[in-house]
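In my numbering, the protein residues as written are 143 to 331.
Structure follows, in structure tokens:
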């Protein structure tokens, strides 16, 4: 196994050459629910530029006891073969009033649970132009020092971040663990 050393920088090229837990340990896909496949498709393929690469459909006819049920599972390539996927479904065990957003529906600010995809300056600019033409403005743009980010809300209420490394996250596992475990004022009382 290859491990990152303190002082290394996780950036666009570095993440592709070094894996924390060995080769092949990366996302295959991340999946979410959608109530509107067409709006989701327009956002991810037409505006974000992620091509639709695979779709599945399964249907169960009603049998008198159970109603007709179906599911569609669609996959958008976000780069390097990693995908963002969506489920549209009916009568598959979901609550009728289910929410597709992953933060505000559980009482969190919209920015807490989100998806960040790697982008360079040109891709961020291209997406910004496509979004503007469609009347969509970034929800926010932030300079994190280690990256520049543009955030967009998709039709499902999911926040999508375009993250441009500048220069990337400095790797210091010991310091990261210290910060993670440090008590917050008032927690140690």
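All residues carry an ideal CB built from backbone N, CA and C; glycine is no exception.
Would you kindly work out how many angstroms separate the C-alpha atoms of residue i and residue j, rounded to a whole number?
i	j	result
residue 254	residue 291	14 Å
residue 241	residue 247	6 Å
residue 273	residue 214	26 Å
residue 182	residue 326	39 Å
residue 89	residue 187	Since the first residue shown for the chain is 143 and the last is 331, residue 89 is missing from the structure and cannot be characterised.
residue 223	residue 184	20 Å
Determine whether the beta carbon atoms of residue i and residue j lie at a separation below 9 Å.
i	j	result
residue 278	residue 293	no
residue 171	residue 217	yes
residue 332	residue 311	In the structure as shown, the chain begins at 143 and stops at 331. Residue 332 is therefore absent and cannot be evaluated.
residue 257	residue 302	yes
residue 298	residue 220	no
residue 179	residue 230	yes
residue 259	residue 304	yes
residue 191	residue 269	yes
Does DSSP put residue i in a helix, in a strand, or in coil?
i	result
residue 244	coil
residue 300	coil
residue 234	coil
residue 284	strand
residue 312	strand
residue 320	helix
Quick one: is residue i buried, meaning 16 or more other Cβ sit within 10 Å of its Cβ, or exposed?
i	result
residue 300	buried
residue 194	exposed
residue 283	exposed
residue 261	buried
residue 285	exposed
Quick one: which unbroken alpha helix (DSSP H) runs of 4-plus residues sit fully inside the segment 162-228? Chain order, please.
179-183
4 or more residues per run - each alpha helix (DSSP H) lying fully within the segment 250-277
263-275
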